[in-house]
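Residue numbers (mature numbering (1 follows the signal peptide of the UniProt record, and there is no 0)): -30 to -1, 1 to 114.
In structure tokens, the structure reads:
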């Protein structure tokens, strides 16, 4: 007498459950494959935080590391991680980042708008900062 291997009835429902789970998972994952359309951006393809990071690096390089005499008594205090959606950097008295800011350069998440305000507005440093920021916002990284 020959014996034939039998499949146990317990394995059949398990394979059906496994197949059903596989199909359900594949269906769910297929719905996750859509890619959002890119939004309108500022020159250079940057908005908000990206733009403010670039402006902060330019300000540090052109105003402070270069030894620009207009900014010699000031320091840079970046505040780019903002939960308010307004990344910014501050011009503060040199060596005193905790002091009240003298000039605030503030962006807006999702926008290429940049605001400049503070007590130095209208001074030589404020005017130079405004001119440089306007130039950098349009894509130039040159120091004036």
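Every residue gets a Cβ at the ideal spot worked out from N, C-alpha and C, and that includes glycine. Bear in mind that the values here come from a model prediction, so they are computed numbers and not experimental data.
Cβ-based neighbour list, residue i, same chain, cut-off 6 angstroms, excluding 5 preceding and 5 following
i, result
"residue 43", "64"
"residue 98", "40"
As assigned by DSSP and simplified to three states, the class of residue i
i, result
"residue 35", "helix"
"residue 76", "strand"
"residue 47", "strand"
"residue 58", "strand"
Contact under 8 angstroms by Cβ, residue i with residue j
i, j, result
"residue 41", "residue 95", "yes"
"residue 101", "residue 86", "no"
"residue 50", "residue 79", "no"
Whole-angstrom distance between residue j and residue i, CA atom to CA atom
i, j, result
"residue 104", "residue 66", "27 angstroms"
"residue 112", "residue 106", "8 angstroms"
"residue 70", "residue 90", "12 angstroms"
"residue 46", "residue 109", "21 angstroms"
"residue 36", "residue 75", "19 angstroms"
"residue 28", "residue 20", "13 angstroms"
"residue 24", "residue 83", "14 angstroms"
Residue burial classification, residue i (beta-carbon count within 10 angstroms, cutoff 16)
i, result
"residue 39", "exposed"
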